[in-house]
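Shown next, in structure tokens, is the structure this report addresses.
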Amino acid sequence: MTSLEDVVKFFNSYLDIDYAGNTAVYSESDEVLNERRDTSMKFWHAAPGILLSPGFGRPMGMPAEQLAQLAENVNLAHRELFLVAEYSDPTWGTLYAGYIGGDRERTAQSYGGLLYATEIKGELKIIASYREDIDKVSPPVHWRHSQGAEITSPNTPVAVRPLEAPTGRAAHHQDWEMLRNAADDR
Numbered sequence: 012m013t014s015l016e017d018v019v020k021f022f023n024s025y026l027d028i029d030y031a032g033n034t035a036v037y038s039e040s041d042e043v044l045n046e047r048r049d050t051s052m053k054f055w056h057a058a059p060g061i062l063l064s065p066g067f068g069r070p071m072g073m074p075a076e077q078l079a080q081l082a083e084n085v086n087l088a089h090r091e092l093f094l095v096a097e098y099s100d101p102t103w104g105t106l107y108a109g110y111i112g113g114d115r116e117r118t119a120q121s122y123g124g125l126l127y128a129t130e131i132k133g134e135l136k137i138i139a140s141y142r143e144d145i146d147k148v149s150p151p152v153h154w155r156h157s158q159g160a161e162i163t164s165p166n167t168p169v170a171v172r173p174l175e176a177p178t179g180r181a182a183h184h185q186d187w188e189m190l191r192n193a194a195d196d197r
């Protein structure tokens, strides 16, 4: 059985790679960017017939001057992991949800995504990514499928590990509070 501490480390390791990839988009060669993509995709598992792509990229072959222009206007931030929830899922068994912040300075303290992970052949792998459905009133925050497996709405969490509350939007903070209080920390 994977501990929530192991899941926190897994998601944080992925977010480190995600940040390195986002940074590479604006500052590194195509070769380095491709290495970051490959490293990022090692955290993912695609079910048969499901295509996945990293959360960062750019057209290949951009001249250094064009990259420098793009870099002038971007304010990247390392995504925060706000909370991890463990669910018992009829399809996947034990399923872990990682509530993450945005990847820009203006969105870093708000929910920026929801990642689902589970054990595949003894290793944690991300199997799905969701984005906030901004057409629906929050809280609770409603999520829309972005890529990977489609997860049916999980029931009440079995356990939660609250890390840092999002402070960028009141609805996200309220959602975090509801999740934090939905189950014990294990």
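The numbering used here puts the first residue of the sequence shown at 12, with every later residue one more than the last. The beta carbon of each residue, even a glycine, is placed where N, CA and C say it ideally should be.
The alpha-carbon separation between residue 42 and residue 52 amounts to approximately 16 Å. For residue 187, the enclosing alpha helix (DSSP H) covers residues 181-191. Just so you know, the alpha carbons of residue 49 and residue 174 end up roughly 28 Å apart. Between the region 99-119 and the region 70-80, the count of C-beta pairs closer than 8 Å stays below three; the two stretches do not touch. If only uninterrupted beta strand (DSSP E) runs of at least 3 residues are considered, those enclosed by the region 73-123 are 92-100, 104-112. Put simply, the backbone Cα of residue 98 is about 5 Å away from that of residue 106.
The bridge partners DSSP lists for residue 34 come to none. Listed in chain order, the beta strand (DSSP E) runs fully inside the region 131-167 are 134-143, 154-159, counting runs of at least 3 residues.
Cβ-Cβ separation between residue 176 and residue 93: approximately 7 Å, consistent with a contact (criterion under 8 Å). Setting aside the 5 residues that flank it on each side, residue 22 is surrounded in the same chain by 92, 109, each with a C-beta closer than 6 Å to its C-beta; the list follows chain order.
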